[in-house]
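J.: In our numbering, the protein residues as written are 58 to 384.
Sharing a structure, written as structure tokens. Questions coming.
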Amino acid sequence: MMNSASNFWGRRQWMVAALLSAGLGKAFAQSGGVSRIIVPFAPGGAREMPARAIQQELSQETGQNWIIESKPGAGGAIGTAFVSKAAPDGKTLLMAASSHFVTAAMGARPFYEPVKEFAPVANIGNQSYILMVNASVPVKTAGEFIQYAKSKPGVLNYNSAGVGSSTHLAMAYFAKTADIDMVHVPYKGTAEAVTDVSGGRGNAVIVPTAGVGVYLQDSRLRVIGITSKKRSALLPNIPTLAESGLAGFHFESWFGLLAPAATPVAIQEKINAAVNKIIGNKEVKERLLALGMESPQWNLDAFNKVFLADRDLMTKIVKETGITRES
Numbered sequence: 058m059m060n061s062a063s064n065f066w067g068r069r070q071w072m073v074a075a076l077l078s079a080g081l082g083k084a085f086a087q088s089g090g091v092s093r094i095i096v097p098f099a100p101g102g103a104r105e106m107p108a109r110a111i112q113q114e115l116s117q118e119t120g121q122n123w124i125i126e127s128k129p130g131a132g133g134a135i136g137t138a139f140v141s142k143a144a145p146d147g148k149t150l151l152m153a154a155s156s157h158f159v160t161a162a163m164g165a166r167p168f169y170e171p172v173k174e175f176a177p178v179a180n181i182g183n184q185s186y187i188l189m190v191n192a193s194v195p196v197k198t199a200g201e202f203i204q205y206a207k208s209k210p211g212v213l214n215y216n217s218a219g220v221g222s223s224t225h226l227a228m229a230y231f232a233k234t235a236d237i238d239m240v241h242v243p244y245k246g247t248a249e250a251v252t253d254v255s256g257g258r259g260n261a262v263i264v265p266t267a268g269v270g271v272y273l274q275d276s277r278l279r280v281i282g283i284t285s286k287k288r289s290a291l292l293p294n295i296p297t298l299a300e301s302g303l304a305g306f307h308f309e310s311w312f313g314l315l316a317p318a319a320t321p322v323a324i325q326e327k328i329n330a331a332v333n334k335i336i337g338n339k340e341v342k343e344r345l346l347a348l349g350m351e352s353p354q355w356n357l358d359a360f361n362k363v364f365l366a367d368r369d370l371m372t373k374i375v376k377e378t379g380i381t382r383e384s
């Protein structure tokens with residue numbers, strides 16, 4: 058089971074490297090002028106990769122010269138606010154994710170209104186998360202882990218990529234739903250959080266599926282569940298947390314493009330149609346799979362429903378778990 062999954066991911070590591078090495082891109086000199094996808098974090102991160110995966114094809118489909126531009130700062134607020142104030146002409150888009158709502162949900166004033174100032178125009182890919190434990194933890198399944206944690210309230214800890222990160226929210230939500238008491242240990246990134254669980258300096262961690270190939274090869278880690286609604290095509294032998302006793306539990310992130318709210322619907326529809334065509338392409342699907350992403354093709358209405366549902370879910374998680382910027 059694990060070997061076949063490891064091989065699946067190993068064969069695709071070069072794809073990730075190729076996307077990263079694309080740099081800020083050879084854009085096609087086309088008649089539509091320069092258009093920008095703003096990534097509100099530093100270059101080379103997880104938020105940039107889905108945009109990089111479709112950049113060339115988006116230029117071809119729309120006749121516009123799309124570049125990817127990083128505007129990091131203030132936990133993503135600088136770049137996000139920049140797009141909210143951009144001209145609503147379809148030439149400046151935000152590379153966003155489900156965490157778009159977290160800053161406001163934690164009570165901060167992030168210089169923009171996450172719903173009113175944006176229009177969700179195109180989803181690129183969806184990513185699930187996996188629950189892993191250090192191999193010394195005496196459990197084989199998520200159900201066993203829940204029972205083990207219940208027997209040791211306040212003793213076990215979980216690592217995350219930082220306060221308010223998706224890995225923090227996912228694990229806090231899992232612990233709350235399972236009614237277990239664990240200690241949160243925030244790190245400065247996913248790699249550090251996983252390294253310390255692998256090294257025995259943490260008991261558990263929930264991380265995106267993107268790096269699962271490496272994790273499956275590490276005998277010091279054990280993957281015991283996935284946060285998706287149904288079993289993932291990427292990891293069909295890993296049971297969902299809902300299957301493991303948490304009925305209805307799921308936590309997934311979308312990665313998609315947002316436009317300024319006043320962008321005309323006709324422009325939104327053009328971008329939506331172009332992206333849906335692109336992510337339906339076999340080669341692009343492979344690129345996204347290499348990033349641990351599946352690629353549902355949502356029209357504007359479907360994406361908007363997911364967008365609003367995630368706003369409600371993130372707000373609920375923050376409220377019910379008591380997460381703050383100091384958590």
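Glycine residues also receive a C-beta, built at the ideal position from the N, C-alpha and C atoms.
Please classify Leu365 as buried or exposed, where buried requires at least 16 neighbouring CB atoms within 10 angstroms.
T.: When all chains shown are included, Leu365 counts as exposed.
J.: Here's a check: name, in chain order, each residue in its chain whose Cβ is nearer than 7 Å to the Cβ of Asp275, leaving out the five neighbours to either side.
T.: Hits under 7 Å: Ser255.
J.: For Arg109, count neighbouring Cβ atoms within 10 angstroms of its own Cβ and tell me buried if that reaches 16, exposed if not.
T.: By the 10 Å Cβ count, Arg109 comes out buried.
J.: Going by other Cβ atoms of all chains shown within 10 Å of its Cβ, with 16 needed for buried, is Thr378 buried or exposed?
T.: Buried.
J.: Report the option in Phe360, Lys334, Lys342 and Ala359 whose CA atom is closest to the CA atom of Glu118.
T.: When each option's Cα is compared against that of Glu118, the closest is Lys334.
J.: Could you tell me the distance, in whole angstroms, from the CA atom of Lys346 to the CA atom of Phe312?
T.: One detail in the question is off: residue 346 reads as Leu in this sequence, not Lys. Approximately 13 Å between the Cα atoms of the pair.
J.: Taking a contact to mean a Cβ-Cβ separation below 7 Å, would you say Pro97 touches Gly136 in this structure?
T.: Going by C-beta atoms, Pro97 is nearer than 7 Å to Gly136.
J.: Over the uninterrupted beta strand (DSSP E) stretch that includes Ala179, give me the two end residues.
T.: Run containing Ala179: Phe175 to Gln184, per the beta strand (DSSP E) assignment.
J.: In this structure, does DSSP put Gln87 in helix, strand or coil?
T.: Note that Gln87 scores a pLDDT of 38, beneath 50, so its modelled location is shaky; the value from the coordinates is reported in the next line. Coil, per DSSP.
J.: Does the Cβ-Cβ distance between Leu188 and Ile263 come in under 7 Å?
T.: Closer than 7 Å, so yes.
J.: Just to confirm the assignment: which complete beta strand (DSSP E) runs, minimum length 3, are found wholly within the region 195–258?
T.: Runs of the beta strand (DSSP E) inside the region 195–258: 214–217 and 240–243.
J.: For Met163 versus Thr297, is the C-beta distance shorter than 7 Å?
T.: Against a cut-off of 7 Å, the Cβ pair of Thr297 and Met163 comes out as no contact.
J.: Under 8 Å by Cβ, that's how I've got Ala406 and Thr266 pegged, so tell me the actual separation to the nearest angstrom.
T.: Within the shown structure, residues of the chain are numbered from 58 to 384, placing residue 406 beyond reach of any answer.
J.: Looking only at its own chain, which residues have a Cβ that is under 8 Å from the Cβ of Gln398, when we skip the five neighbours before and after it?
T.: For the chain, the structure presents residues 58 to 384; residue 398 sits outside this window and is missing.
J.: Less than 8 Å between C-beta atoms, sequence neighbours within five positions excluded: which residues of the same chain meet that for Ile328?
T.: Counting only Cβ-Cβ distances below 8 Å, and skipping sequence neighbours, we find Thr119, Gly147, Leu150, Val178, Ala179, Leu314 and Ala316.
J.: Using the Cβ count rule (16 or more neighbours within 10 Å means buried), how would you classify Asp367?
T.: Under this definition Asp367 is a buried residue.
J.: If distances are taken between C-alpha atoms only, which option among Glu174, Gly268, Ala359 and Ser156 comes closest to Val375?
T.: Among Glu174, Gly268, Ala359 and Ser156, the Cα nearest to that of Val375 belongs to Ser156.
J.: Measuring CB to CB, does Glu300 end up less than 7 Å from Ser185?
T.: Cβ distance not < 7 Å, so Glu300 and Ser185 don't count as in contact.
J.: Report the residue from Pro145, Ser141, Leu291 and Val271 whose alpha carbon sits nearest the alpha carbon of Val251.
T.: For Val251, the nearest C-alpha among the options comes from Val271.
J.: Apart from the five residues just before and just after Gly219, which ones in its own chain have a Cβ nearer than 8 Å to its Cβ?
T.: Same-chain partners within the cutoff: His225, Pro243, Tyr244, Lys245 and Gly246.
J.: Does the contact criterion of 3 or more C-beta pairs under 8 Å hold for the region 136–145 versus the region 166–176?
T.: Contact between the region 136–145 and the region 166–176 is present, because at least three Cβ pairs lie under 8 Å.
J.: Note down, in chain order, each residue of its chain lying with its Cβ closer than 7 Å to the Cβ of Gly211, except the 5 sequence neighbours on either side.
T.: These residues qualify, in order along the chain: Asp238 and Val240.
J.: Out of Phe158, Ala235 and Ile181, point me to the one whose CA is closest to Val332's CA.
T.: Of Phe158, Ala235 and Ile181, the residue nearest in Cα terms is Ile181.
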